[in-house]
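Notes follow once the structure below has been shown.
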Amino acid sequence: MAETDPTPATPPGAADAPATRSRALRGGRIVAVVALVLLVIGAGRTVLSRIANDEVLQARIGEHAATHVKTTYARASETGQTLALPGSLQGAQQSPIAARATGYLKRWTKDIGAEVTKGELLAEIESPEIDQQLSQAVAARQQTAASLALAQSTAERWEALRKRDVVSQQELDEKRSGAAQANANVAAADANVQRLRQLQSFTRVTAPFSGVITRRNVDVGDLIDSSGKVLFVLTQVDPLRIYVNVPQSYAQLVRPGQKVVVTQSELRGKTFTGEVVRTAASIDAATRTMQIEIALANRDRALLPGAYVQVALPLAATPTLVVPTNVLLFRGEGTRVALVDAAGKVELRTVTLGRNLGESIEVLSGIDGRDRLIVNPSDSLADGETVTVSDAEPAASSPAASAGTEPTRPAPPGKTLP
Numbered sequence: 266m267a268e269t270d271p272t273p274a275t276p277p278g279a280a281d282a283p284a285t286r287s288r289a290l291r292g293g294r295i296v297a298v299v300a301l302v303l304l305v306i307g308a309g310r311t312v313l314s315r316i317a318n319d320e321v322l323q324a325r326i327g328e329h330a331a332t333h334v335k336t337t338y339a340r341a342s343e344t345g346q347t348l349a350l351p352g353s354l355q356g357a358q359q360s361p362i363a364a365r366a367t368g369y370l371k372r373w374t375k376d377i378g379a380e381v382t383k384g385e386l387l388a389e390i391e392s393p394e395i396d397q398q399l400s401q402a403v404a405a406r407q408q409t410a411a412s413l414a415l416a417q418s419t420a421e422r423w424e425a426l427r428k429r430d431v432v433s434q435q436e437l438d439e440k441r442s443g444a445a446q447a448n449a450n451v452a453a454a455d456a457n458v459q460r461l462r463q464l465q466s467f468t469r470v471t472a473p474f475s476g477v478i479t480r481r482n483v484d485v486g487d488l489i490d491s492s493g494k495v496l497f498v499l500t501q502v503d504p505l506r507i508y509v510n511v512p513q514s515y516a517q518l519v520r521p522g523q524k525v526v527v528t529q530s531e532l533r534g535k536t537f538t539g540e541v542v543r544t545a546a547s548i549d550a551a552t553r554t555m556q557i558e559i560a561l562a563n564r565d566r567a568l569l570p571g572a573y574v575q576v577a578l579p580l581a582a583t584p585t586l587v588v589p590t591n592v593l594l595f596r597g598e599g600t601r602v603a604l605v606d607a608a609g610k611v612e613l614r615t616v617t618l619g620r621n622l623g624e625s626i627e628v629l630s631g632i633d634g635r636d637r638l639i640v641n642p643s644d645s646l647a648d649g650e651t652v653t654v655s656d657a658e659p660a661a662s663s664p665a666a667s668a669g670t671e672p673t674r675p676a677p678p679g680k681t682l683p
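Quick note: the sequence shown uses this note's numbering, first residue 266, plus one each step.
This is the structure:
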């Protein structure tokens, strides 16, 4: 009889199940390791990216936090300054004409705008009182002349009688004195007649010089008395003159013979050349200015007396350094400028100022032509502070270059102070 195996039979595929689970576990581990590696790589990348961004951010913050400045150099004036001053045109001769005689205006012959020559009649005054006084003086002169003739003949007769010793010497001397007195009376009468004739000539008002009548203040029938009433104003329009007040700080630079340029706003595009003919050679204590006179030709009559003009007065060049006014710092310690060296260090230096030239100003002491000055320095700028120079004047135009010193290269442009 056959023997039977008690071990149950294994189902198909049951022997491959452990191997399948082992492979699944190994696959899961691999996936987990790969995912972990990817996560680590991603985290590292993120960290590195944040570090790089932080460095860039810190660099930008440092760049923006740095103070960027612009610089310039002091320069010496090569051509001098041109001083512009206001003035008013006047005739070379300008005279108010009044009458010496009294009476009523008989007629006038010239009105405003009329050109007259020297000695030309302007007006006539009717003065009967002067005419009568002259007639009376002439008659009185004739009386004294008759008395003189009688006194002289009497003295001659007494001279003859004295020679025969008929009269005394005293009587002769009296007759001689009477003749001398009569002669003096005639001289006085002649002087009175000449005075009245001269006064009568004043009834004819004539032009004292050639010019243009710029004002007429009388009409026919007006009473002319000894109050000095102005009848006409006569002005010589060629040449003209201009009186200009030069400030004290420029007075030493003005000399007779200097040429000036005169302009009038209403005459655009036209310039007129004048010349300084004289100066007051003193400073007015009230205005602290010196008056100068300028002669100006006006042959074409383009300029009118009384017009407001601008006078451009060129001044001689001086060796004084000139800087823009926007480099100055006004502090309690005085007026200062901010200098920057090659290392970017700031130095605040006190300066002594000279003349104010408008957009620029003279510096008498404190700096030289090779110093780099900060333009528009901040009020908070401190001595020893480090700044970044964003640009500077070209070396060719700076005094440092002309002195043989190479200026420092400017830093890359960045934020500048306002």
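The C-beta atom is built at its ideal place from N, Cα and C for all residues, glycine as well.
Asked                                                                                                                                                                                        : Found
Roughly how many whole angstroms lie between the Cα atoms of Gly609 and Val654?                                                                                                              : 7 angstroms
Mark Ala661 as exposed unless 16 or more other C-beta atoms lie within 10 angstroms of its C-beta, in which case mark it buried.                                                             : Low confidence applies to Ala661: its pLDDT is 35, below 50, so where it sits in the model is not reliable, and the reading given next is rough at best. Its Cβ having fewer than 16 others within 10 Å, Ala661 is exposed.
Please list the segments of the beta strand (DSSP E) lying wholly inside the region 429-513, counting only runs of 3 or more residues, in order along the chain.                             : 469-471, 476-481, 495-500, 505-512
Can you list, in chain order, the residues of its chain with a C-beta nearer than 8 angstroms to that of Gly384? Leave out the 5 residues immediately preceding and following it.            : Thr471, Ala472
Could you check the C-alpha separation between Ser353 and Gly539 for me, to the nearest Å?                                                                                                   : 13 angstroms
Hey, how far is the Cα of Ile390 from the Cα of Ala402?                                                                                                                                      : 21 angstroms
In three-state terms, what does DSSP make of Pro579?                                                                                                                                         : strand
Starting from Lys335 and walking both ways along the beta strand (DSSP E), at which residues does that stretch end?                                                                          : 333-338
Tell me whether Arg543 sits in a helix, a strand or coil according to DSSP, three-state version.                                                                                             : strand
Thr337 to Val605, Cα distance in whole Å?                                                                                                                                                    : 10 angstroms
If I measure Cβ to Cβ from Arg230 and keep anything under 7 angstroms in the same chain, skipping five residues before and after, which residues do I get?                                   : Outside the shown range of the chain (266 to 683) lies residue 230, about which nothing can therefore be said.
Can you check which of these residues, Ile507, Arg506, Tyr573, is closest to Glu531 by C-alpha distance?                                                                                     : Tyr573
DSSP three-state label for Thr374, please.                                                                                                                                                   : coil
So, at 6 angstroms on beta carbons, what are the nonlocal neighbours of Glu373 in its own chain, with the 5 sequence-adjacent residues on each side left out?                                : According to the sequence shown, residue 373 is Trp rather than Glu. Result list for Trp373: Ala388, in chain order.
For Pro683, which residues from the same chain have a beta carbon less than 7 angstroms from its beta carbon, with the 5 sequence-adjacent residues on both sides left out?                  : Any reading at Pro683 is ruled out, since the residue's pLDDT is 38, under 50, leaving its predicted position unreliable.
Can you tell me whether DSSP reads Thr653 as helix, strand or coil?                                                                                                                          : strand
Where are the alpha helix (DSSP H) runs, 4 residues long or more, that stay fully inside the region 561-634, in chain order?                                                                 : none
Mapping DSSP to helix, strand and coil, what is Gly534?                                                                                                                                      : coil
Near Gln398, which residues of its chain fall below 7 angstroms by C-beta distance, leaving aside the five closest residues on each side in sequence?                                        : Leu461
Say whether chain C places a C-beta atom closer than 8 angstroms to the C-beta of Gly356.                                                                                                    : Included in the structure is just one protein chain, with no chain C present.
Val527 by DSSP, collapsed to three states: which one?                                                                                                                                        : strand
Any contact between the region 590-599 and the region 362-376? By contact I mean 3 or more CB pairs, one from each, below 8 angstroms.                                                       : no
Please state whether the Cβ-Cβ distance between Arg637 and Glu627 is less than 8 angstroms.                                                                                                  : no
What are the boundary residues of the beta strand (DSSP E) that Ala347 is part of?                                                                                                           : Before going further, note that residue 347 is Thr rather than Ala in the sequence given. Per DSSP, Thr347 belongs to the beta strand (DSSP E) from 347-356.
How would you call Val381, buried or exposed, if buried means at least 16 neighbouring beta carbons within 10 angstroms?                                                                     : buried
Does the structure place the region 411-420 close enough to the region 447-458 that three or more beta carbon pairs sit under 8 angstroms?                                                   : yes
By Cβ distance, which residues of its chain are closer than 8 angstroms to Thr409, with the 5 residues on each side in sequence left out?                                                    : Ala447, Asn450, Val451, Ala453, Ala454
Which of helix, strand or coil does DSSP assign to Arg424?                                                                                                                                   : Here residue 424 turns out to be Glu, not Arg, going by the sequence shown. The answer is helix: DSSP assigns Glu424 an H, G or I state.
Might you give, ordered along the chain, the residues of its own chain that have their beta carbon closer than 6 angstroms to the beta carbon of Arg427, omitting 5 neighbours on each side? : Leu437
Does DSSP put Pro659 in a helix, in a strand, or in coil?                                                                                                                                    : Residue placement at Pro659 is flagged as unreliable, the pLDDT there being 46, under the threshold of 50; the coordinate-derived value follows with that caveat. If DSSP states are grouped into helix, strand and coil, Pro659 belongs with coil.
For the beta strand (DSSP E) that contains Pro642, what are its first and last residues?                                                                                                     : Segment: none, Pro642 is in no beta strand (DSSP E) and carries neither H nor E.
Is it the case that the region 534-549 contacts the region 314-324, given that we only count it when at least three CB pairs across the two stretches are under 8 angstroms?                 : no
Determine whether the beta carbon atoms of Val616 and Arg601 lie at a separation below 8 angstroms.                                                                                          : yes
Less than 8 angstroms separating the beta-carbons of Pro504 and Ala562?                                                                                                                      : yes
In the region 368-416, which residue ranges form an unbroken alpha helix (DSSP H) of at least 4 residues, counting only runs that do not cross its ends?                                     : none
Does DSSP put Thr311 in a helix, a strand or coil?                                                                                                                                           : helix
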